[in-house]
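Okay, so here's the structure we're looking at.
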Amino acid sequence: MKILIIEDENELAESISEYLSEENYLCEFARTYSQALEKIESFNYDCILLDIMLPDGNGINILQELKKRDKQEGVIIISAKNALDDKINGLQIGADDYLTKPFHLSELAARIYSIIRRKQFRNTNIIQQNELQIDLLGKTVKFKNHPIELTKKEFNLLLYFIGNNNRIISKSTLAEHLSGDFADMLDNHDFVYAHIKNLKKKLNEVGCKNYLKTVYGTGYKWEDE
Amino acid sequence: MNKLLNKSLKSFTIYALLVLASSVPAYYYLVDSIWLRELDEHNEIIANRTEKELNNLKLNETELNRSVTLWNKIKPGTNLEKIILNNNNKTDSIYTILRKNIYVEHNEIDRFRGLSRVIKIKGENYLLTVETNVEETEETAIAIAILTFLFFLILVVGFLILNKRLSIKLWQPFRNTLSELKTFNLNAQSKISFEKSNILEFEELNVALNKLIEHTVSVYKSQKEFTENASHELQTPLAIIKNKLDILLQKEALTDRQYQIIEDINKALTRVSRINKNLLLLAKIENHQFDESETINLSELTEECLKQLQEHFSNKELSVNTSIEKDCVVTGNRVLIEVLINNLLLNSIRHNSQKGIVEVKLNQSGLFISNSGIKTLEKEHLFKRFKKSSEESSGSGLGLAIVEQICKRHQWTIGYEFQQEKHTFKISF
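This is the structure in structure tokens:
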């Protein structure tokens, strides 16, 4: 799957590409507004990562260009600004998601995963992962047609792990992911452990293999064989 | 405090008192000497006339002697006496004398001005003495003093009235400038304009103030922009570090110790990002980037925030007592108010003891959030940036500073209280 990274900061673009390429994503770069325009005119991508603060133009305009051309790429805005206006504006013009710097690569990977799946399976919205069937829209999970009752947070975690297949995710990263905008202000990350324990238990109960491994004591990994 | 004009009034009054007081002896000597000169003239005229008239009568010696005796009897204040002179030219003598006035009922001492002169009647020498009553020294002095004092009073009253009118009229431009300055708020960045004055000093003052304010505003602005820009600029390098750590974490065969180090860096990094985020938020509130307002059902919003934090409450086994009145509505910025409630709730979790109590009370007049605590916090530093009042180090040190800014933005007041082993933050709408 092809991803276009529109980002003027080299180091950042390379890190993203390095993390994603292990997941069989093919990354291309655009460092400026004009380069980005060139690329989206000539190629199709599965997902575009868009930094809206570019040296020679506003990334928001690229969104408009995409829309004008009726392109179907999923777009994730990456911004150093945590401005609500930009967020609303971007999402209204047609971005699918919005990430504020600094973010974890696993967070980005999980979001890319969801967006690409949503775009690909426009009608069904069902992901098949190992023996699990995950309904993105209905937010339900089935194991060999047996439904598994997951809480919102557990479902959220499961998607996060699957989006970061075979990748180690640390507890603090999960805490940031789960608590969203504000609760990362609490340093006690025990709640993460509780959610993971429950998720594991529920998967076990229906006979699902233990894909979710604990590494280094407090890190986790969805190990796909 | 003294008013400026009262100060000058005091000096003026003292000066007037001195001048008027020293004028009393001056006036006295002037009046007295005029008096005496006029009386001397008067006495001289009488003497001349007496000499002339008596000579014109052409009386014989017996008649003359009889007339002189009669004269002495009926003409008070004058005396005519025959004298023998050794040499013919005796000079006039002028004198002042104090004696009893026998013609006045209450026997008092009067002052008299006298002239004694030798006149010739029919070749004979007569000594003529003329005495005229003069006002006494003390009486003249007292009269002048009283008059002077009256004038002094008139002066002082005049000064007072003038002072009052001047201070209203003359200082009006100054007062205008002052009231403009009092309403000026650096944070509001409102332009200030002084009324034009046609008085040089005030106009100079206004010009100088304008310059000062302009400079202050521009420095303040650039300082605030600096905070915002610096925070923005930090986001990208922070993102790079974070991402590199994520990649490092994926490398094969990390030891547990290495993993732990990465995790510790991650945590510290999260804290830096949090401080940065909060600094940015503060700068944005101060830069009025949250100006849009809407009507908010605070009751629902508070419930929602409580629900989101539910697992953190139970994690610390806190008992949460709520008394939230239904449909409390406020006008404000939703994002900010959410931040406000969350910050206070997070504090009530973070600074609570295991199995402690959290109380949330909301009604039309205010929001109260309390939690168990041991000792009172220092009130004056509580809302300052980076002032931590407890050993708990995980906070960004900006939470309450943000809360205070948000309250300011909505014109609410925030208070803190420690009672019955409970910290209470109270926001009054």
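Line by line, the protein sequences give chains A and B.
For the first sequence, the working numbering gives the first residue as 1, with consecutive numbering after it.
For the second sequence, the working numbering gives the first residue as 1001, with consecutive numbering after it.
All C-beta atoms in this analysis are idealised placements derived from N, C-alpha and C, irrespective of residue type, glycine included.
Owing to the predicted nature of the structure, the values given are computational and were not obtained by experimental measurement.
C-alpha distance - residue 154/A paired with residue 193/A, whole-angstrom precision: Indexing the first sequence from 1 puts residue 154/A at position 154. Indexing the first sequence from 1 puts residue 193/A at position 193. Roughly 11 Å separates the two Cα atoms.
Closest by C-alpha distance to residue 1304/B, when choosing among 1419/B, 1269/B, 1345/B and 1093/B: The count along the second sequence starts at 1 and reaches residue 1304/B at position 304. The shortest C-alpha separation from residue 1304/B is found at 1345/B.
So, helix, strand or coil for residue 1112/B, using DSSP?
On the second sequence, position 112 is the one that residue 1112/B refers to. Strand, per DSSP.
Counting Cβ pairs closer than 8 Å, one from the region 1126 to 1141 of chain B and one from the region 209 to 222 of chain A, do we hit at least three? no
Pull up the DSSP beta-bridge partners for residue 133/A, would you. Working through the first sequence from its first residue, we reach residue 133/A at position 133. According to DSSP, residue 133/A bridges with 128/A and 142/A.
If you follow the beta strand (DSSP E) that residue 1368/B is in, where does it begin and where does it stop?
Taking the second sequence and counting its residues from 1, one reaches residue 1368/B at position 368. It spans 1366 to 1372 - the beta strand (DSSP E) in which residue 1368/B sits, taken as one unbroken run.
For chain B, find out if any of its Cβ atoms is closer than 9 Å to the Cβ of residue 19/A; answer yes or no.
-> Along the first sequence, read from residue 1 onward, the residue named residue 19/A stands at position 19. Chain B contact via Cβ: present.
Exercise. For residue 1263/B and chain A, any beta-carbon pair shorter than 9 Å?
Worked result: Counted from its first residue, the second sequence places residue 1263/B at position 263. Cβ-Cβ to chain A under 9 Å: yes for residue 1263/B.
What are the complete beta strand (DSSP E) segments, minimum 3 residues, inside the region 1218 to 1256 of chain B? For the region 1218 to 1256 of chain B, not a single whole beta strand (DSSP E) run of length 3 or above is found.
Open item on the list: Under 8 Å, with one C-beta from each stretch per pair, do the region 1417 to 1429 of chain B and the region 1366 to 1381 of chain B reach the 3-pair mark?
Closed with: yes
Which whole-angstrom value describes the C-beta separation of residue 1183/B and residue 1209/B, a residue pair presumed to lie in contact below a C-beta threshold of 8 Å? As a working mapping, residue 1183/B is identified with position 183 in the second sequence. As a working mapping, residue 1209/B is identified with position 209 in the second sequence. Wrong, their Cβ atoms sit about 13 Å apart, outside the cutoff.
Close-in-space but distant-in-sequence residues of the same chain around residue 169/A (CB under 6 Å, 5 per side omitted) | Within the first sequence, numbered from 1, the residue matching residue 169/A stands at position 169. Excluding positions up to five away in sequence, the list reads 106 and 220.
Discussion item. Counting only beta-carbon separations shorter than 9 Å, does residue 1239/B have a partner in chain A?
Written reply: To locate residue 1239/B, count along the second sequence from 1; it is residue 239. By this cut-off, residue 1239/B is an interface position.
Residues of the region 1307 to 1321 of chain B with Cβ closer than 8 Å to any Cβ of chain A, in chain order: 1308, 1309, 1311, 1312, 1315 and 1316
Residues in the region 1416 to 1428 of chain B having any Cβ partner in chain A nearer than 7 Å
none
ask   = Cα-Cα, which of 1240/B, 1258/B, 1318/B and 1110/B is closest to residue 18/A?
value = Reading the first sequence from its first residue, position 18 is the one you call residue 18/A. That would be 1240/B, whose Cα lies nearest to the Cα of residue 18/A.
- Task: Could you tell me which of 1306/B, 1336/B and 1334/B sits nearest to residue 1322/B, measuring between CA atoms?
- Result: For the purposes of this step, residue 1322/B is taken as the residue at position 322 of the second sequence. The residue with the shortest Cα to Cα distance from residue 1322/B is 1306/B.
*asked:* Could you tell me the alpha carbon to alpha carbon distance between residue 1319/B and residue 1351/B, rounded to whole angstroms?
replied: Numbered from 1 along the second sequence, position 319 holds the residue referred to as residue 1319/B. Numbered from 1 along the second sequence, position 351 holds the residue referred to as residue 1351/B. For residue 1319/B and residue 1351/B, the distance between alpha carbons rounds to 14 Å.
*Spell out whether any CB of chain A is found under 9 Å from the CB atom of residue 1232/B.*
Within the second sequence, numbered from 1, the residue matching residue 1232/B stands at position 232. Judged by the 9 Å Cβ criterion, residue 1232/B is in contact with chain A.
What would DSSP say about residue 1136/B, mapped onto helix, strand or coil?
Taking the second sequence and counting its residues from 1, the one referred to as residue 1136/B is at position 136. Looking at residue 1136/B - three-state DSSP - the assignment turns out to be coil, as it is neither helix nor strand.
Handout entry: Residue range of the beta strand (DSSP E) that includes residue 75/A
Key = Locating residue 75/A in the first sequence gives position 75, where the first residue counts as 1. First-last of the beta strand (DSSP E) with residue 75/A: 74 to 79.
- Message: I'd like the span of the alpha helix (DSSP H) that includes residue 120/A, first residue to last.
- Response: Stepping through the first sequence from its first residue, residue 120/A is reached at position 120. Counting along the chain, the alpha helix (DSSP H) containing residue 120/A begins and ends at 105 to 120.
### Message
Let me check one thing: in DSSP terms, what residues is residue 1332/B bridge-paired to?
### Response
To locate residue 1332/B, count along the second sequence from 1; it is residue 332. Under DSSP, residue 1332/B forms a beta bridge with 1294/B.
Next item on the list: Quick one: grab the DSSP three-state call for residue 208/A.
Entry: The residue labelled residue 208/A in the question sits at position 208 within the first sequence. Coil.
Note to self: Please report the distance separating the alpha-carbon of residue 1376/B from that of residue 1348/B.
What the structure shows: What you label residue 1376/B is simply residue 376 of the second sequence in a count that begins at 1. What you label residue 1348/B is simply residue 348 of the second sequence in a count that begins at 1. Their Cα atoms are separated by approximately 14 Å.
message = Please state whether the Cβ-Cβ distance between residue 109/A and residue 1233/B is less than 9 Å.
response = Along the first sequence, one-based indexing puts residue 109/A at 109. Along the second sequence, one-based indexing puts residue 1233/B at 233. One thing to note: residue 109/A has its Cβ no nearer than 9 Å to the Cβ of residue 1233/B.
Exercise. Is the shortest distance between the beta-carbon of residue 176/A and the beta-carbons of chain B less than 9 Å?
Worked result: What you label residue 176/A is simply residue 176 of the first sequence in a count that begins at 1. True, the Cβ-Cβ gap to chain B drops below 9 Å.
If contact means a Cβ-Cβ distance below 8 Å, which residues of the region 1251 to 1276 of chain B contact chain A? 1254, 1256, 1259, 1260, 1262, 1263, 1266, 1267, 1269, 1270, 1273 and 1274
Check your understanding: Can you tell which of 1417/B, 1353/B and 1017/B has the C-alpha that lies nearest to the C-alpha of residue 1312/B?
Key -> In the second sequence, residue 1312/B corresponds to position 312, counting from 1. Among 1417/B, 1353/B and 1017/B, the Cα nearest to that of residue 1312/B belongs to 1353/B.
Please state if the CB of residue 1094/B and the CB of residue 1043/B are separated by a distance shorter than 9 Å.
-> The residue given as residue 1043/B occupies position 43 in the second sequence. The residue given as residue 1094/B occupies position 94 in the second sequence. Yes, the pair counts as a contact, with Cβ atoms nearer than the cut-off.
Legend entry - Buried/exposed call for residue 1009/B, threshold 16 Cβ in 10 Å: On the second sequence, position 9 is the one that residue 1009/B refers to. By the neighbour-count rule (16 or more Cβ atoms within 10 Å), residue 1009/B is buried.
Exercise. Based on Cα-Cα distance, which residue from 1138/B, 1116/B and 1121/B lies nearest to residue 1109/B?
Worked result: As a working mapping, residue 1109/B is identified with position 109 in the second sequence. Here the closest residue by C-alpha is 1138/B.
Query raised in the report: Can you tell me the Cα-Cα spacing of residue 28/A and residue 166/A, whole angstroms?
Result: Along the first sequence, one-based indexing puts residue 28/A at 28. Along the first sequence, one-based indexing puts residue 166/A at 166. Computed Cα separation, rounded: 23 Å.
**Item:** Alpha carbon of residue 1017/B to alpha carbon of residue 1053/B, nearest angstrom
**Value:** As a first step, residue 1017/B is located in the second sequence; it is residue number 17 there, counting from the start. As a first step, residue 1053/B is located in the second sequence; it is residue number 53 there, counting from the start. C-alpha separation (whole angstroms): 53 Å.
### Query
My guess is that residue 1/A and residue 24/A are in contact by the Cβ rule of under 8 Å, so how many angstroms apart are they, rounded?
Taking the first residue of the first sequence as position 1, residue 1/A is located at position 1. Taking the first residue of the first sequence as position 1, residue 24/A is located at position 24. For a cut-off of 8 Å, the C-beta gap from residue 1/A to residue 24/A is around 7 Å, short enough to register as a contact.
_Cβ of residue 55/A within 9 Å of any chain B Cβ_ = As a working note, residue 55/A is residue 55 in the first sequence. It does not; no Cβ of chain B falls within 9 Å.
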